[in-house]
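Contents: one structure, followed by commentary.
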Amino acid sequence: MRRGLWIAVGAALLCGASAPAAGAQPPADNPIVRENALPGSPDWQRTVGGDIQVYGTQIGGLPGDAINLHVSTAYHYRILVYRLGWYAGAGAREVACLPSCSTDEQGTLQLPPPAQTPPALGPPIRANWPVTDTLQTDPSWTSGYYLVEAVLTTGHFAGSVGTTFFILREPPSATPSQILVQVPVNTWEAYNAWGGKSLYDFTGTRMDVVSFERPFGYLAQSPFWWEIQLVRFLEREGYDVSYQTDVDTDADPASLLQHRLVMVAGHDEYWSWGIRSAFDTALADGTNLAFMGANAGYWNIDYQDNDQSIFSYKSLLDPNPVLSQKTAMWRQIGHPECMLTAVAQQSVMAISHPLDYTVTAAGAADPWLQGTGLTAGSTIAGVVGREHDVLNPWPDSCVHPGLTVLFHYAGTGGDQPADAVRYTAPSGARVFASGAMQFSWALDDWRSNGTIGPQVNVISDRVAPADPRVQQFMRNALVDLTSPEAPQNLTATQTPAGLTVSMDPSTDPRARGFVARVRRGSNWAPLCHGVVTCTGRLPAPGPVVVGAVSLDAWDRHSAAAFATTTIQR
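Each residue of the sequence shown is one higher than the one before, starting from 1 at the first, in our numbering.
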């Protein structure tokens, strides 16, 4: 056992608190810290123009993958690629240029798909443009959100851009990050009406299948609406985080089990069975979860065309005879989302501006609010909207004993209430659900100033700056959510071999045992360490207190558990 861990354990036990005292800050060195120490590119925000469009064949991949790009324009252009993050406030770092950072290439104007009313069941609308550029990512690139800007270099709108995104996940050879952020690209695409059709009827008759193989167009959900603020906060604070798409989760459900905490970013409305089963398994296995937006896991979908298309009938009229496999609402097929989140969407907000959360009395007393300045009745401005979730008492599977409502919006007029909650699952997993699509707005001040996209979103602009109180709340929450569960049923027993300490076996695959110290009087001393039991030197006769903390794969320790015994002569 390393000396540093004994020191950390000693600090935790001396504090004797229910929350970890040492190791509360993010690790001093991890890929995110190193990445954000590099110089940023403050001039990355450019005006989106209609004279150039771009999409990528791949929405997600690994560092070292080739990303095929498809550009349509009659003018010359250059491709600039940025990784989004903190970068001392710059918000992005330029990582590549095509054909180079000082040259451009002549574009070809591609024909849009003809106006059509395709069958609802497909085939989906695809751009079907040829590959114009291939971006070879570098194996050294850090997992994250990557923005592709196709920049016009000639023409009346020179300097304006077409944009697309791709997400690089953590390579299999890397040490898994403590935190995994799931990026909701399914929902980006579900709302994308490029070519005239989406999974919605706001441009006419909806389709049941949509393709990733087209540019992002009218009302396509943007990560600049409800996701970038979370990314900037996590990377500014230096958390050990990686990213993957919900398509990646479907392809590798077990990937969630490699991390201590899985955070769901923004508006993650469309989940396949692979995604839902991944989260169900993670919760049962002790993986902590944080739903940072609202309306998560609402619709069941299938993937088609080698994961390049999303299918959802969005109705129990789906002809699949097996109820649980119908592409309808998850709550309609026996798996309501509140089984995971404890809250669920009941309505879209009728009011077009964001509203406020109020801190509850139970929330004010919660350890996550310690030192925040938030008290019962405090207001958190402008975070409730556009869609929001409310505590859901039905069915019984959505009732979570010990749940705490941290923040509440009472509802006005025809609007439903909203709730931010936390609970602990039987597995020991801790779960947070913000219940509000715009909750991450309280974490960071970023807004696009009308350049790279709508100022924040097409529905409503933010009305309040970042809230330092909520930022501290999130730090407190992440201390807990990135720490292992405390030892359960700790016992200390005098045996012929010495003082033996035991705990219940952990089902957490990331657990690495526990460390125990002993106190007689006011002095703590090292005792032993083990997986389920350990034995150390017998102290002098008299009453003693044994304290222990669990350790995990990242050398993070839990809150302390205590046991008492009396040493006999």
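Heads up, the beta-carbon is just placed ideally off N, CA and C, and yes, glycines get one too.
For this session: Determine the closest residue to residue 234 out of 482, 159, 519, 540, with distance taken between C-alpha atoms.
Result: Nearest of 482, 159, 519, 540 to residue 234, Cα basis: 482.
Problem set entry | Rounded straight-line distance, which links the Cα of residue 519 to that of residue 568 | Those two C-alpha atoms are separated by around 16 Å.
Exercise. Going by beta carbon distance, what residues of the same chain come within less than 8 Å of residue 576, once the five residues before and after it are set aside?
Worked result: The first residue shown for the chain is 1 and the last is 569, placing residue 576 beyond what the model contains.
Exercise. How long is the line joining the alpha carbons of residue 45 and residue 187, rounded to whole angstroms?
Worked result: For residue 45 and residue 187, the distance between alpha carbons rounds to 23 Å.
Problem set entry | Extent of the continuous alpha helix (DSSP H) to which residue 271 belongs | First-last for residue 271: 270–272, but that is the beta strand (DSSP E), not the alpha helix (DSSP H).
Problem set entry | Member of 141, 151, 158, 189 whose CA lies at the smallest distance from the CA of residue 170 | Per the Cα distances, 141.
Exercise. Is residue 129 closer than 7 Å to residue 70 when the C-beta atoms are compared?
Worked result: The criterion of a C-beta distance shorter than 7 Å is satisfied by residue 70 and residue 129.
For this session: Report yes or no: do three or more beta-carbon pairs, one from the stretch 388–395 and one from the stretch 364–377, lie closer than 8 Å?
Result: By the criterion of at least three beta-carbon pairs nearer than 8 Å, the stretch 388–395 is not in contact with the stretch 364–377.
Problem set entry | For residue 122 and residue 208, believed in contact at Cβ under 8 Å, the rounded distance | Sure, about 7 Å apart at Cβ, within 8 Å.
Problem set entry | Length-filtered (4 minimum) alpha helix (DSSP H) runs lying within the stretch 310–340 | At a cut-off of 4 residues, not a single continuous stretch assigned as alpha helix (DSSP H) sits fully inside the stretch 310–340.
For this session: Express the C-alpha separation of residue 441 and residue 47 in angstroms, rounding to a whole number.
Result: Using only the alpha carbons, I get a separation of about 22 Å.
For this session: Could you spell out where the beta strand (DSSP E) holding residue 68 opens and where it closes?
Result: Residue 68 -> beta strand (DSSP E) spans 66–72.
For this session: Can you tell me which of 260, 438, 78, 255 puts its alpha carbon nearest to the alpha carbon of residue 428?
Result: Residue nearest to residue 428 within the set 260, 438, 78, 255 is 260 (criterion: CA-CA distance).
Exercise. For residue 107, which of helix, strand or coil comes out of DSSP?
Worked result: Coil.
For this session: Can you say whether residue 414 is buried or exposed, counting buried as having 16 or more other CB atoms within 10 angstroms of its CB?
Result: So residue 414 ends up on the exposed side.
Exercise. Which residue spans inside the stretch 274–308 form an unbroken beta strand (DSSP E) run of at least 3?
Worked result: Listed in chain order, the beta strand (DSSP E) elements of length 3 or more contained wholly in the stretch 274–308 are 288–291, 299–304.
Exercise. Hey, quick one: how far does the beta strand (DSSP E) through residue 501 stretch, first residue to last?
Worked result: Unbroken beta strand (DSSP E) run through residue 501: 498–502.
For this session: With DSSP collapsed to three states, give me the class of residue 149.
Result: Strand at residue 149.
For this session: Output the distance between the C-alpha atoms of residue 97 and residue 39, rounded to the nearest integer angstrom.
Result: Spanning the two alpha carbons is a distance of roughly 16 Å.
Exercise. Exposed or buried, what is residue 509 when buried is set at 16 or more other beta-carbons lying within 10 Å of its beta-carbon?
Worked result: Flag for residue 509 reads exposed.
Problem set entry | Straight-line gap, residue 274 to residue 256 (C-alpha atoms, nearest Å) | Each residue's Cα considered, the two are about 12 Å apart.
Exercise. Taking contact to mean at least 3 C-beta pairs separated by less than 8 Å, is the stretch 142–155 in contact with the stretch 49–69?
Worked result: The stretch 142–155 makes contact with the stretch 49–69; the number of CB pairs closer than 8 Å reaches 3 or more.
Exercise. For residue 258 versus residue 354, is the C-beta distance shorter than 7 Å?
Worked result: No, Cβ-Cβ distance for residue 258 and residue 354 is not below 7 Å.
Problem set entry | residue 564, DSSP secondary structure in three states | DSSP places residue 564 within a strand segment (E or B) once states are collapsed to three.
For this session: Name the residue from 107, 125, 377 whose alpha carbon lies nearest to the alpha carbon of residue 192.
Result: Relative to the Cα of residue 192, the nearest Cα in the group 107, 125, 377 belongs to 125.
Problem set entry | From 438, 534, 33, 540, residue whose alpha carbon lies closest to that of residue 547 | Out of 438, 534, 33, 540, 534 has the C-alpha closest to the C-alpha of residue 547.
Exercise. What span of residues does the alpha helix (DSSP H) with residue 31 cover, start to end?
Worked result: First-last of the alpha helix (DSSP H) with residue 31: 31–36.
Problem set entry | Endpoints, alpha helix (DSSP H) assigned at residue 403 | No alpha helix (DSSP H) contains residue 403, which DSSP labels as neither H nor E.
Problem set entry | Per-residue DSSP class, three states only, for residue 415 | Shown here, residue 415 sits in coil according to DSSP, grouped into three states, outside any helix or strand.
Exercise. What do you reckon, are the CB atoms on residue 247 and residue 60 nearer than 7 Å?
Worked result: Closer than 7 Å, so yes.
For this session: Using 10 angstroms around the beta-carbon of residue 539, count the other beta-carbons present and answer buried if the total reaches 16, otherwise exposed.
Result: Burial is judged here by how many other beta carbons sit within 10 angstroms of a residue's own beta carbon; residue 539 has at least 16 and is buried.
Problem set entry | 7 Å Cβ cutoff met for residue 301 and residue 270 | In contact: residue 301 and residue 270 (Cβ atoms closer than 7 Å).
Problem set entry | For residue 297 and residue 268, believed in contact at Cβ under 8 Å, the rounded distance | Rounded to the nearest angstrom, the Cβ distance from residue 268 to residue 297 is 7 Å, consistent with a contact under 8 Å.
Exercise. Grouping DSSP H, G and I as helix and E and B as strand, with all else coil, what is residue 52?
Worked result: It is coil, neither helix nor strand.
Problem set entry | Selected residue, minimal CA-CA separation from residue 34, among 375, 320, 241, 112 | Checked all of 375, 320, 241, 112; the closest Cα to residue 34 is 241.
Exercise. Excluding the five sequence neighbours on either side, which residues of its own chain have a C-beta within less than 6 Å of the C-beta of residue 323, listed in chain order?
Worked result: Taken in chain order, the residues that qualify are 333.
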